[in-house]
Structure formats: C-alpha cells, structure tokens
Amino acid sequence: MRKSSPVLALAGASLVLAGCGDGDDFDTSRQIGPNPVLPAPSTTLVPDLKVAKVVGWQEGQTPTVADGLVVTAYARDLANPRTVHTLPNGDVLVVQSKAPPGKPLNRPKDVIRGWIMAMAAGDGGGGKDTNLITLLRDTDRDGAVDERVDLLTGLNSPFGVAWHDGTLYVAAADAILAYPYELGANEIAAAPTILAPLPGGPINHHWTKDLALSPDGRTLYASVGSNSNAGERGLEAEKGRAAIWQVDRETGAAKVFASGLRNPTGLNIHPETGELWTVVNERDELGPDLVPDYLTSVQEGGFYGWPWSYYGQHVDERVYPPRPDLVETAIAPDYALSSHVAALGLAFTNDSAMPEAFADGAFVGNRGSWNRKAFNGYKVIFVPFADGKPSGMAQDVVTGFLDGEEARGRPVGLAIDGTGALLIADDAGNTVWRVAAADGTVTPQPISTDRVEETEPPLDGATGGAAPAIPAAPDGDATEPAAPPQTDVAPATSPEDGAPPPQEDGQ
Amino acid sequence: MSYTYAPSARVAAADSTFRILSAFPIAAFSLTAVTDAAYWRTANLLWLHFSEWLLFAGIVFAGLAALVRLLGGRRFPWTYYVAGLAVLVLATLNNFIHTEDGITAVMPYGLTVSVLTVLAMAATAFFGRIGARHA
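Going line by line, the protein sequences match chains B and W.
Using our numbering, the first residue of the first sequence is number 889, and each one after it goes up by one.
Using our numbering, the first residue of the second sequence is number 2, and each one after it goes up by one.
Take a look at the structure:
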C-alpha cells in the first residue's frame, strides 16, 4: 500500500473518486448474527490489501484456547493441510493441497493478485510435496497419533473427502474420484474411477471442492466455488459454479442442488435436522465491511444471489448486465460471520466430547482477511445452536494464529476426531491442532464426520432423488418463466487431469 | 563548430524518439475511449480487457515519452507541460479505475476519464504546435 501512495496522491489531486472508507472504527461484531449491519458499498482506487506474512510456529508455540479446553499438535510437518475428516472407525484423513497451476491472467490486475495470494499461502508447505492425503490413526484413543501413513499422493488439488460402503470419495479440483478402500487399511493400490466430473480448469479460481454425504448414504453433496470475485470473468466461466452439486453415489448422476453461493466449503449435515449446512466466502472490493461471509442451511433449488446480489437482495452494481428477475428470488443466508474472515471450515459439536458450553452448535474456521486494513478472522469461533438453528452470539474459541502483523498459521478445515475433540487443519502452519476438553472426556465410540444412519433405506427404485444432469436447451424454452442463473447450468466437462475414464460399463 | 552542432543533434534525436514513443499513448488512449464505450454497449468483457491493456501499455510509453521530452532540451510554453501532465495523471487514474470488477470499471468514471484523456492529448498537441511556431 505504501508504495502506491505517491501515485494515489497524484491521482487524487486531479479527481476525487470515492471516499477511502477505512472501517477501523466499524465494530465487526455488528456483522455477526442473523441480521448483519450492511454499510453502503465503498470502492477505492486501489483495493485494501493486507495479508499477514506467514512466519510459522516456533517450537513450543500453540494457538490459544478458551477456558476448559486444551490444545495440542495432533500432526506436524504436513504440507498445506486444508481439510480433516474422521472415518467411522476414528481414523483421520488430512487432505493437503495447493491451488492448481495455470490460471490464465486476463488483466494487468490478475498478475498483482497472484503475488498477494502466493504471500497469503505461505511458503508452500516448506518445500514438501503437497496434494496428498495422509491417514492419522490414534489406536488407543488417547488424543495422540500412533500411526501416520500417506494414503494417496500426486492428486489434483484435492479438498473434500467422504467414505461409505467400501469406497473413499475424493473431490479433486475437477472431479469426484472413487477409490476402493476398506476401513483400517493403510494403502490404496487401485486406480480411481471418476464418479462425476466437476467444473475444473483452466481458470478454477475458487478450486476447493468440498464433500458431504447425506444421512441415508445415497447422495454426495459437492461444493463448487465461483470462477471470479463478482462475475468479472464472464458468465460462461460460471457454469455449474458458485453452487452445491448433488451427486448420486451409485450412478454419479449430478445436478445443481443450490446456487448463488460464491465460495461454499465446510459442507456438513446438521446431526439433528438432517439439513445441509455450509460456510460461504462472500465477495471482495466493496469496502472493508462488505460483504459478510456466512453460515447457512442450504435449501434444495435455493438461489443465494451471487453474483447479482449479496445477503439476500442487496444488488451488486458491478455485475453487468443486471438481473433484477434473479435478485428477486435470492434467499438471505442464516447467520453472518462478518466481512472478509474467510470462513472455510465447519464442524457441528453435537454428541462430541467438548465441554457443556460447546454441546450444541458449530465451530467455524476463519482463515483470515486480506481485503481490509484491520485483520479479521484468523481464528476458530463457536456459533451456538438451538433447535437446529444458530442462536446467540459467536465466541472466540481458538486464537493466537495472528502475532501482531504476522501469522503463525491460518485455520481452514475442521472436524471432530475419533475421540470427540476438535481438529483444526492449519494450512499455513502445516499443522493439525487438536482442541479437547481439559478434563480429558472422550466419546464412548468414534463419530464419523459424515454421520450415516445405520438403517439402510429400502432398496431399488429411485436413485436417491438425484436426477440425471440435463443439458441446457440450445435456445430459450417458452415454458420457462425465467432463464436460470448461469450457475445452475451444469457443464458436460471431462476432468483434465488425465485420470482414467469410468470403467464400469464398456460402451 | 562541433560545440554548436552537438545540442541540435541531441534535440533532433530526442524529438524523433518522442514522436515514436508518443504514438503509443495517442493510439492506446484514443482506442480506450472506444473500447470502454463498446463494453458499456455490448457487455462483452473482451472490450473491457482491451481497455485495461491499452491503458497499461499507454501509460508505460507515455511515461517514457515524457521522460524523453523533459530531458530532450527543447522548450515549450508552460501550457504544453500542464496539458501533458494532465494526460499522465488522467491515464494513471484511469488504470486504477479499470481494475474494478464489472461495469463500475467503465461507468461512469472510466469512460469519462478516457474521454478527458483524449481531450488532454489534443490540448497537448495544440499547445505543442503553438510553441513550435514561436520557437
């Protein structure tokens, strides 16, 4: 910022464009909860850019935890751990990845953005190879890892994982891959099949595809982030993106379940209501206090506004041409988390071994801001729930990722481990942290991240409600009341990673 | 003899270098006004990207041209320098305006500044010509 100041002063002398909203006096807690205060958009000539430089954790340093909790390093020396996932037997998968390369640079601005994001990502895992999945096994359930093995390596920027019925599903940057894998095994030798392609490169701006499994075990939900901040790469780039897909686990048939969600991750089924929940990263460059990231339940067929509007029906004037017909249908999300916190992880605490204060609610991992001068995020918070809905003010649970102007780590994915404690994937600190009840409480048995009900639904008939993907009609259908948002149109893409095609049928 | 010959050769070299360099911003900034208007009318992002790169290339060569002019030794009336500075300031500003995502990169400020830049270039040429006559 300091470098560009003389230029700005020169420019500002000739034409006053817009107020340089600093926002330092804005109370970010006013944007936490179901009804966030939304100031008017403010644009500056140069967007606010302030990323904490990643310095890593020194020996003996740990994050700070709330009263009644203890924190330990569950696994160190990882390579950009982004998500953690607990299998039904209590084994933990750590997905490590970095952004896929080769994003085209369309604008002078894209080059500068590349530098900033590289800085935010830290040193790239200390030179270690990333894009792998590591299995951590706590055999005696004492909260310390006893066995550690790299299960899959050389993946194409993986993020989400799910397991059911002898199959491990991995959401790579461009497809859901299915690997035969039995619980307890230390190795996967078989090549994967492609369950379903997902929108991939070459842009793949928000590339992290998360996964969640429906309670009946039939449906996978896959999140696909947008290809731009606010549609500035054109709507062709957004087909099937800024959306959550519903994929049939047996057939791979896929459709868009909900759209208008700019960058959804942390997909989780609420343990009591069975509803799908997600955290979403909202858009940048509308000022330090717009737009709040949020936590929301996701309605089937729901449209949440992106890119045309935010937080319900607040129109984003940048998006051209406007679509007032779609803005009218936009749903406001459930719970705001304040602006630019970069919420990426979500874990429900129900039935975990966390203390009473955290018995009903959700932990949210906020990786931390870049598009505002005062840091926001860089911590894990707890959102209390009641009757399956957020209820009350969020509180800080795990802090200390930030040390002044520098970051020791950045929390991303969350999960409850096999003993009922919270795991935090720290992608900049290359560590998985375990936050447990200080009194040593553990759950009687492991709880899987995807809680599938034991009772299998009756067989045959419908394929779990997932309709096959229907290609868009070549020209306008007169019976349609309005053209669907581009994000609802699922593309017929193939993964570009050279993975083998599906092998089950020889057509 | 060589004492009087050297400065005029330097001025001539600077003059021709300036003409070559200034051709870029003249073309680039004029086209930016057109491509800005094209994006506004068509919503095709191609035109916005043209504007961004034209502005970027234009300001690089405009900066070099200004440097050559200032070091080149030839004198112009003060109005010429003011108009030239206005071109640089407006084009720099316009580069930043065009980093916005979407239509706000162009409407209303982007296109306005693009047109003002063209007017400032015309004024620079006009004052430069007057100065040349009286030189």
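Cβ atoms here follow ideal geometry from the backbone N, Cα and C, with glycine treated the same way.
For B:G1122, the neighbours in chain W by C-beta distance under 7 Å run, in chain order, L46. Between B:G1122 and B:G1193, the gap from beta carbon to beta carbon reaches 7 Å or more. Contact of B:R1036 with chain W by beta-carbon distance below 8 Å is absent, the smallest such distance being about 43 Å. Counting other Cβ atoms within 10 Å of its Cβ, W:W79 stays below 16 and is therefore classed as exposed. Among the CB atoms of chain W, none fall inside 7 Å of the CB of B:P924.
A buried status is given to W:D102, since no fewer than 16 other beta-carbon atoms sit within 10 Å of its beta-carbon. Taking C-beta separations shorter than 6 Å and ignoring five residues to either side along the sequence, the partners of B:R918 in its chain run V925, following chain order. Around W:W54, the beta-carbon contacts reaching into chain B at under 9 Å are R995 and P996. Contact check for B:D1314 and B:V1323: beta-carbon distance about 12 Å, past the 8 Å limit, so the pair fails to qualify. As a beta-bridge residue in DSSP terms, B:S1111 pairs with B:I1132. With fewer than 16 other Cβ atoms inside 10 Å of its own Cβ, W:F127 counts as exposed. The C-beta separation of B:A1241 from B:T1329 comes to about 4 Å, placing the pair in contact by the 8 Å criterion. Contacts between W:G103 and chain B, judged by CB atoms closer than 7 Å, involve A1118, G1119, E1120, R1206, V1207 and Y1208 in chain order. B:E1163 carries a coil assignment under DSSP once its states are collapsed to helix, strand and coil.
Taking 7 Å as the cut-off, the Cβ atoms of B:E1188 and B:V943 do not count as close. Listed as beta-bridge partners of B:N1318 by DSSP are no residues whatsoever. By the neighbour-count criterion, in which a residue is buried when 16 or more other Cβ atoms sit within 10 angstroms of its Cβ, B:V1168 is buried. Annotation for W:T93: no beta strand (DSSP E) segment contains it, though the alpha helix (DSSP H) segment containing it runs W79 to I98. Put simply, of W:T93, W:A10, W:L47 and W:T125 the residue whose alpha carbon is nearest the alpha carbon of W:L56 is W:T93. Ranked by Cα distance from B:H1202, the options B:E1341, B:R1029, B:A928 and B:K997 are led by B:A928. With a threshold of 7 Å between beta carbons, W:T33 makes no contact with chain B. DSSP links B:G1048 through a beta bridge to B:A1059. In summary, the residues of the region 933-960 of chain B whose CB is separated from some CB of chain W by less than 9 Å are L933, V934 and P935, in the order they occur in the chain.
The region 948-957 of chain B makes no contact with the region 1216-1234 of chain B: fewer than 3 CB pairs, one atom from each, lie closer than 8 Å. Its chain contains W1196 and P1373 as the residues whose beta carbon lies nearer than 8 Å to that of B:R1211, once the 5 sequence neighbours on both sides are disregarded; these appear in chain order.
Contact between the region 1070-1089 of chain B and the region 1035-1044 of chain B is present: 3 or more CB-CB pairs across the two stretches fall below 8 Å.
Looking at B:L1178, B:D1222 and B:L1039, the one whose alpha-carbon comes closest to that of B:F914 is B:L1178. In this structure B:A1061 touches B:G1088 by the C-beta definition: roughly 6 Å separates them, less than 8 Å. When CB distances to chain W are screened at a threshold of 8 Å, the residues of the region 1159-1184 of chain B falling below it are E1173, in chain order.
B:D1213: member of the alpha helix (DSSP H) spanning P1212 to V1215, first to last residue. In the structure shown, the three-state DSSP call for B:Q1187 is coil. The C-alpha of B:T950 is placed about 14 Å away from the C-alpha of B:V1268. Excluding five sequence positions before and after B:Y1067, the CB atoms of its chain that fall closer than 6 Å to its own CB belong to L1056, I1076 and P1080, given in chain order. The continuous alpha helix (DSSP H) containing W:R70 extends over residues L46 to L72. One alpha carbon belongs to B:Y1266, the other to B:H1228, and they sit about 10 Å apart.
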